[in-house]
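J.: Can you keep this structure in mind? I'll have questions shortly.
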Amino acid sequence: MEDTIILYPSPVMGHLVPMVELGKLILTYNPSFSIIILITTTPFDTGSISSYIKHVTVTTPSVHFHHLSTISPPSTTSSDNIATLAFELPQLYNSNLHHALQTMISQKSRPKASIIDLICNSSFEVFTSLDIPTYYFCTSSASSLSALLSLPKTHQILLEKNKDPNTSIEFPGVPPIPIPDLPGPFLDTEGIAYKSLFGTAINMVKSAGILTNTCHAFEPRAVKAISDGLCTPNLPTPPVNYYIGPIVANSSEDHEHECLRWLDSQPSRSVVFLCFGSMGLFKAEQLTEMAIGLEKSGHGFLWVVRSPPADGETKSILTEPDLDVLLPNGFLDRTRGRGLVVKKWAPQVAVLSHDSVGGFVTHCGWNSILEAVSAGVPMVAWPLYAEQRFNRVLLVEEMRWLWRWKSPKAGL
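Note that this note's numbering has the sequence shown beginning at 23, numbered continuously upward.
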């Protein structure tokens, strides 16, 4: 097992897919290595994660998945808040993780290294207690990493400025971020997610290294600020940072899907693709207005629709959308041919790579940004949650890939 690398992703698609692609990348340069990806079970898996793992197992047999023994989250966990639960689960799985690693070591030998998602920070001490060199994988931008590493320095500033939404905060190598555009956890300094990220910032400088899904050409100021130690003036300078992006899945590996066959029938660069990530939700009224706008536009569209928010976030993610109820009466018939609505999921990389797609309305998740840029598809940013508003500021003010349009009237 001396050439085994253990990967430990957060069990949501936006974090699992980049980690799998990282495993493939490692094997590209080191075919003799063995990649083992540890998987935890979540209450918000719609089945897409299981399906994806089966697909990777068939197409890339050199990547192995090991499912940790399932736990039942105690009643005190926030099962309806997916963002909070994503940070709680790794802590709850630590005992099972430790047992699994001890078993691997006793049966073979110690892994060469481990790479953990920054959301899985609570596992850092489990790996290091077993003398396994541990790296962090940041699936977001270098600018996000700058903000994260700066938390011990900016904590008091956040406490003060969070009280005034009209102010902004500066992180090294990053344009000023208005308080409302900070990553969600930064706005609740007493929350589980913020406390976990604060601990991540402390542990990252003690790790073997940090891998980030970006490149110097995209974010030269943030990359330099991190390497110069500007984010951690009162802590050790962060270890070696590897900027290995953009890591984007191969579009040829996506499952066959009806929408790809439909795109084959559309003119070049004629279709607008609307997709808002695995957890992007809109109220029923918003879905209606979006449908009206798409119909009136007269343009071709491919739209991924999810059920609107229900009593709990997890329930909404799992519920199959009823298009006949959610969309205006007759909408599907009137737009048939030039428009297609699919439920919950579409093979995004394959769609963006298709010649018929000429625009992308996105929630501004970092993976989606990299996929759009790699495919050369123009974006309309509609940030919804997590660090997406932060990303929008980055794209407009730093990268200059987008310009900000302000509506003369409130509405959207």
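Backbone N, C-alpha and C fix where the C-beta goes; we use that ideal spot for every residue, glycine too. Model, not experiment: these values are computed from the prediction.
Starting from His10, follow the beta strand (DSSP E) in both directions and report where the run begins and ends.
T.: In the structure displayed, the chain extends from 23 to 434; residue 10 sits before or after that span and is not available.
J.: Could you pull out every residue in the same chain whose Cβ sits closer than 7 Å to the Cβ of Ala394, ignoring the five residues on either side in sequence?
T.: Only Leu374, Phe382, Thr384 and Met401 meet the Cβ criterion.
J.: Measuring straight from C-alpha to C-alpha, what distance separates Arg358 and Glu409?
T.: 35 Å
J.: Could you tell me which whole alpha helix (DSSP H) segments of length 4 or greater appear in the segment 255-317?
T.: 280-286
J.: Give me the Cβ distance between Met41 and Asp139, rounded to the nearest whole Å; I'm assuming they're in contact under 8 Å.
T.: The beta-carbon separation of Met41 and Asp139, rounded to 7 Å, stays under the 8 Å limit for a contact.
J.: Going by CA-CA distance only, name the one from Phe353, Leu123, Ile391 and Leu167 that's closest to His88.
T.: Leu123
J.: Hey, could you find the ends of the alpha helix (DSSP H) Ile48 is sitting in?
T.: Met35 to Tyr51
J.: Looking at Ile179: is its Cβ nearer than 8 Å to the Cβ of Val415?
T.: no
J.: Whole angstroms are fine: how far does the CA of Tyr407 sit from the CA of Leu345?
T.: Using only the alpha carbons, I get a separation of about 24 Å.
J.: Tell me which residue opens and which closes the alpha helix (DSSP H) that Thr176 is part of.
T.: Run containing Thr176: Leu173 to Lys183, per the alpha helix (DSSP H) assignment.
J.: Assess, as a yes-or-no matter, whether the segment 289-299 is touched by the segment 63-78 under the definition of 3 or more beta carbon pairs within less than 8 Å.
T.: no
J.: How would you label Arg422, buried or exposed, when you count the other beta carbons within 10 angstroms and need 16 or more for buried?
T.: exposed
J.: Given that a residue counts as buried once 16 or more other Cβ atoms are within 10 Å of its Cβ, and exposed if not, what is Tyr265?
T.: buried
J.: Under 8 Å, do Ala164 and Thr236 count as touching if we go by C-beta distance?
T.: yes
J.: Going by C-alpha to C-alpha distance, which of Gly361, Gly320, Glu311 and Gln370 sits closest to Leu349?
T.: By alpha-carbon distance to Leu349, the top candidate from Gly361, Gly320, Glu311 and Gln370 is Glu311.
J.: Within a Cβ cutoff of 7 Å, which residues of the same chain sit near Leu434, ignoring the five residues on either side of it in sequence?
T.: Low per-residue confidence applies at Leu434: pLDDT is 47, beneath 50, and the placement is therefore not dependable enough to give any value.
J.: I'd like the span of the alpha helix (DSSP H) that includes Lys76, first residue to last.
T.: Ser70 to Thr81
J.: Leaving out five residues on either side along the sequence, give the residues of the same chain with a beta carbon under 8 Å from the beta carbon of His37.
T.: Result list for His37: Pro31, Asp139, Ile141 and Thr161, in chain order.
J.: How many angstroms separate the CA atom of Trp284 from the CA atom of Trp325?
T.: 12 Å
J.: Identify whether Gly221 lies in helix, strand or coil by the three-state DSSP scheme.
T.: Three-state result, Gly221: helix.
J.: When the Cα of His376 is compared with those of Cys386, Gln288 and Ala403, which residue comes out closest?
T.: Cα-wise, what sits closest to His376 is Gln288.
J.: Which same chain residues, not among the five before or five after His238, have their C-beta less than 7 Å away from its C-beta?
T.: Around His238: Val245 and Tyr265.
J.: Kindly indicate the opening and closing residues of the beta strand (DSSP E) around Val418.
T.: It is not in any beta strand (DSSP E) - Val418 carries neither H nor E in the DSSP assignment.
J.: Mind checking Gly352: buried by the 16 CB within 10 Å criterion, or exposed?
T.: exposed
J.: Taking DSSP's pairing of strands, which residues face Arg358 in a bridge?
T.: Gly361
J.: Between Val80 and Lys46, how many whole angstroms is the CB-CB distance? I'm expecting something under 8 Å.
T.: Val80 to Lys46, Cβ: 14 Å. No contact.
J.: Within 10 Å of its beta-carbon, does Arg411 have 16 or more other beta-carbons around it, so buried, or fewer, so exposed?
T.: buried
J.: Measuring straight from C-alpha to C-alpha, what distance separates Leu417 and Lys428?
T.: 16 Å
J.: Taking Ile10 and Ile48 to be in contact with their CB atoms under 8 Å, please state how far apart those CB atoms are, rounded to whole angstroms.
T.: Any answer about residue 10 is impossible in this case: the structure gives the chain only from 23 up to 434.
J.: Tell me the DSSP secondary structure of Ser206 in three-state form.
T.: The sequence given here places Gly at residue 206; Ser does not occur at that position. In the structure shown, Gly206 sits in a helix (DSSP, three-state: H, G or I).
J.: I'd like to know if the segment 190-207 and the segment 224-234 are in contact, where contact means that at least 3 CB-CB pairs between them fall below 8 Å.
T.: no
J.: Hey, Lys365 and Pro331 are a contact pair by Cβ (cut 8 Å); roughly how many whole angstroms apart?
T.: The Cβ separation is near 16 Å, so there is no contact.
J.: Considering only residues of the same chain and omitting the five flanking positions on each side of Phe208, which have a CB-CB separation below 7 Å?
T.: Leu180 and Tyr216
J.: What's the call for Gln308, buried or exposed, on a 16-neighbour Cβ count within 10 Å?
T.: exposed
J.: Determine, using beta carbons only, whether Phe437 and Ile137 come nearer to each other than 8 Å.
T.: Residue 437 cannot be examined here, being either before or after the span of the chain that is shown, 23 to 434.
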